[in-house]
Amino acid sequence: MYDINHFYEATSVEHAVQLRVENPEAHIISGGSDILIGIRAGDLAGCDLISIYMLDELRGVSFHDDGTIRIGALTSFTNLAEDPIIREHLAVLGEAADTVGGPQIRNIGTIGGNTCNGVTSADTASTLLAFDAVMELTGPKGIRLVPLTEFYLGAKKVDLRPDEIATAVLIRKDHYKGYHGVYFKYAMRDAMDIATSACSVNVKLSDDKKTIQDARISYGVAGPIPLRARSAEKIVKGKLVSADTVEEFAAGALEDVNPRTSWRATKEFRLHLQREMARRCFVESIRRAGGSV
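First residue of the sequence shown: 54, per the numbering used here; consecutive thereafter.
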């Protein structure tokens, strides 16, 4: 049994916002793959829930007129991985979504829930960070846009106000056009496991494929929140594609991470992983972009 005090079902985005205003302590639920576990464990026992599961307008992937890709907050991991826009323009995001749990979890889990739960191990979060994604949040005053790099405030804490709901994730054209990326997740087993650490890298090469025009790298489980390793990005920007550049990138990545020791892995092991993941993801991203090391 689940100990739920009140259950409200929103019929539109406007209704969901109204319910949030009227019940600021209530929790939003869509697929429920995270929040139902918390209720059953007793952490959220007796809570109020606002369901947005029926809001089909928050599902799917589309283009804005300026080329921005809009991913509805209720888009499931399965639909994300299979969507033709994602496959053509954000293939690495689809690959990351395909690593979440098993088929049942991927069918009900949503990208909005994966970002808004605030956990550092969220599989799509590091990849979205590497695309400079922006959260679209809707409240009584309208839409508020928050860069994902500013959305995470601390462990399991995000910049979502009590009267708002997440309605979409936005990725601008100049943040994905010409970029090629890789997501790598290390876990104790290949399926149905939370990442011990994870890394997402995007690379944009020059026309002759010999120079790094831009590179972005993000980590999960490298600190209390998903994070960008900007030192590595700065080190390689404008440099020639070479084995030395790869090593500088991998070493630079460690300047911005601060993993912890837990029952899953020690800090030292995670640091080893994070350097090696940076190296491998960078090399593979270069290869996907048409270059070679």
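Virtual Cβ for every residue (Gly too), placed ideally from N, Cα, C.
Compute the beta-carbon to beta-carbon distance between residue i and residue j, rounded to the nearest angstrom, for a pair I have assumed lies under 8 Å.
| i | j | result |
| --- | --- | --- |
| I92 | I57 | 7 Å |
| N255 | Y232 | 4 Å |
| V145 | G234 | 4 Å |
| L143 | I164 | Not quite, the Cβ-Cβ distance comes to about 11 Å (not below 8 Å), so this is no contact. |
| V299 | I265 | Contact doesn't hold; Cβ gap of about 10 Å is too wide. |
| N318 | C252 | Correcting the residue identity first, residue 318 is Ala in this sequence and not Asn. About 14 Å; that fails the 8 Å criterion. |
With H, G and I counted as helix, E and B as strand and the rest as coil, what does DSSP make of residue i?
| i | result |
| --- | --- |
| T39 | Since the first residue of the chain shown is 54 and the last is 346, residue 39 is not available in this structure. |
| E329 | helix |
| V235 | strand |
| N58 | strand |
| E308 | coil |
| V254 | strand |
| G147 | helix |
| S315 | coil |
| R242 | coil |
| R323 | helix |
Let's see if you can read the secondary structure: which residues bound the beta strand (DSSP E) around residue i?
| i | result |
| --- | --- |
| S179 | S179 -> not in any beta strand (DSSP E); alpha helix (DSSP H) instead, spanning D176 to L182. |
| K287 | Element bounds for K287: not the beta strand (DSSP E) but the alpha helix (DSSP H), R283 to V289. |
| T191 | V187 to G192 |
| R197 | G195 to P200 |
| G207 | Y205 to G207 |
Between which two residues does the alpha helix (DSSP H) containing residue i stretch?
| i | result |
| --- | --- |
| D261 | That residue, D261, is in no alpha helix (DSSP H); it is neither H nor E in DSSP. |
| T168 | I164 to C169 |
| P156 | P156 to I161 |
Along the chain, which unbroken stretches of the beta strand (DSSP E) at least 3 residues long are found entirely within the segment 71 to 145?
-> Listed in chain order, the complete beta strand (DSSP E) runs (minimum 3 residues) inside the segment 71 to 145 are 80 to 82, 100 to 104, 114 to 116 and 122 to 125.
Any chance the segment 207 to 222 sits against the segment 163 to 181, with 3 or more Cβ pairs inside 8 Å?
-> Taking one beta carbon from each stretch, the segment 207 to 222 and the segment 163 to 181 have 3 or more pairs nearer than 8 Å; the two touch.
Inter-stretch contact (C-beta, 8 Å, three-pair minimum) for the segment 193 to 204 and the segment 103 to 120 | no
Report yes or no: do the segment 214 to 229 and the segment 70 to 88 share at least 3 C-beta pairs separated by less than 8 Å?
-> yes
Mind the definition here: the segment 157 to 170 touches the segment 118 to 137 only if three or more C-beta pairs lie below 8 Å; say whether that holds.
-> Counting Cβ pairs under 8 Å, three or more are found: they touch.
Meets three-Cβ-pair contact criterion under 8 Å: the segment 275 to 288 and the segment 301 to 310 = By the Cβ test, the segment 275 to 288 is in contact with the segment 301 to 310, since at least three Cβ pairs between them sit closer than 8 Å.
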